[in-house]
Each structure stands twice: as C-alpha cells, then as structure tokens.
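*Asks:* Residue numbers 794 to 923, in our numbering, belong to the letters of the sequence shown in order. Beta carbons are placed, not taken as given, at the ideal position from N, Cα and C, and that holds for glycine. Right, I'll just put the structure down here and ask away after.
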Amino acid sequence: MPEIYRGMRFFSRKLIKPEDLNSHGTLFGGSVLAWIDEEAAIYVICQLGKSNIATKFMSEIDFVSSAELGDIIEIGMETVSFGTTSITVKCEVRHKFTLKPIIRIDKIVFVHLDKDGKPKPHGVIKPANE
C-alpha cells in the first residue's frame with residue numbers, strides 16, 4: 794500500500810478531462826497546482842474560521858506519478874502548524890482507487906490578512922475541524 798501522510802484528510806475529487814491534459818496526454822501540472830491552491834485555501838479558511846487569507850509559500854512540489862484521461866484523483870490536506878499570523882498545511886494528491894500518490898507538497902503556508910492586506914494575528918492555536 795502506498796505511503797499516506799498521517800492525519801491526511803481527503804475532501805475533494807476531480808475527474809481528469811481532456812482540457813486537464815498536457816501534450817503527452819497526462820495530467821498537466823499547472824491544472825493540478827491550481828486545484829491544490831484552491832483546495833488548500835478552502836481547507837485553511839475552514840481551519841481558521843476566517844476568509845481573509847493569502848498563499849505565501851509552497852515548498853518543493855514532488856511529482857511522484859501522473860494521471861490520465863478518465864482517472865479520478867483526490868486531494869488531501871493536513872494541518873502542520875499554526876503561527877501567529879500563518880497556518881502551514883501539507884498536501885497529497887492521489888489516485889482515488891489505487892491510492893497511488895501523484896503529487897506531494899510538504900509545506901504550504903497561508904497568512905491571515907487585515908483589510909489593508911497586511912499580516913494580522915488569527916488567534917487560532919488548534920484546527921477548527923480536525
């Protein structure tokens with residue numbers, strides 16, 4: 794069985810369609826990265842209970858394997874840590890049925906912002922929905 798991050802929770806699934814493919818007929822990295830950023834943002838908003846956030850940093854993106862037309866993939870998130878103004882999560886994208894990893898990102902950092910777009914303490918010390 795493939796390695797799965799401890800505590801990883803898989804919330805959404807995507808069906809790979811023709812518009813999601815690259816010139817080699819496999820999943821286009823740009824498409825899956827956009828899905829990851831959106832899914833991570835939704836996850837963080839739910840963890841903080843606050844919606845004024847921005848992606849600050851994404852660590853190395855490990856493209857482990859790919860997906861093809863008609864495959865169903867799922868995107869998992871796990872809370873790593875809370876800072877004063879930030880929250881760090883990690884992500885795994887995997888095939889729904891084989892559980893084979895497609896992408897792993899160990900660190901995605903989001904920052905809570907005030908109305909002027911400046912970092913603002915979020916006041917959260919543990920996940921809201923873990």
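How about Ile829 and Val886: do their beta carbons lie closer than 8 Å?
*Replies:* In the sequence shown, counting from the first residue as 1, residue 829 sits at position 36. In the sequence shown, counting from the first residue as 1, residue 886 sits at position 93. It is a contact, given that the beta carbons lie within the stated cut-off.
*Asks:* Hey, would you say Ile765 sits closer than 8 Å to Phe804, going by beta carbons?
*Replies:* This structure does not reach residue 765, given that the chain is present from 794 up to 923, and the question cannot be answered.
*Asks:* Around the Cβ of His817, are there at least 16 other Cβ atoms within 10 angstroms (buried) or fewer (exposed)?
*Replies:* As a working mapping, residue 817 is identified with position 24 in the sequence shown. Result: exposed.
*Asks:* For Pro795, count the other beta carbons within 10 Å of its own beta carbon; 16 or more makes it buried, fewer makes it exposed. Which is it?
*Replies:* Mapped onto the sequence shown, residue 795 falls at position 2. Here Pro795 scores only 40 on pLDDT, less than 50, and its place in the model is too uncertain to base an answer on.
*Asks:* Would you list the residues sitting across from Asp864 in a DSSP beta bridge?
*Replies:* In the sequence shown, the residue the question calls residue 864 occupies position 71. Asp864 is not bridged to any residue.
*Asks:* Taking DSSP as the reference, what is the three-state secondary structure of Asp909?
*Replies:* Along the sequence shown, read from residue 1 onward, the residue named residue 909 stands at position 116. Of the three classes helix, strand and coil, the one that applies to Asp909 here is coil, per DSSP.
*Asks:* According to the Cβ coordinates, are Gly876 and Ile809 closer than 8 Å?
*Replies:* Here residue 876 is taken as the residue at index 83 of the sequence shown, counted from 1. Here residue 809 is taken as the residue at index 16 of the sequence shown, counted from 1. No, they are not a contact pair.
*Asks:* On the CB-based measure, 16 or more other CB atoms within 10 Å of its CB, does Arg806 come out buried or exposed?
*Replies:* Locating residue 806 in the sequence shown gives position 13, where the first residue counts as 1. The residue in question, Arg806, is exposed, as its Cβ has fewer than 16 Cβ neighbours within 10 Å.
*Asks:* From which residue to which residue does the beta strand (DSSP E) around Ser805 run?
*Replies:* Counting from one through the sequence shown, the residue named residue 805 turns up at place 12. Residues 802 to 808.
*Asks:* Tell me where the beta strand (DSSP E) around Asp855 begins and ends.
*Replies:* Sequence index remark: in the sequence shown, residue 855 carries index 62 (1-based). Start and end: 854 to 856.
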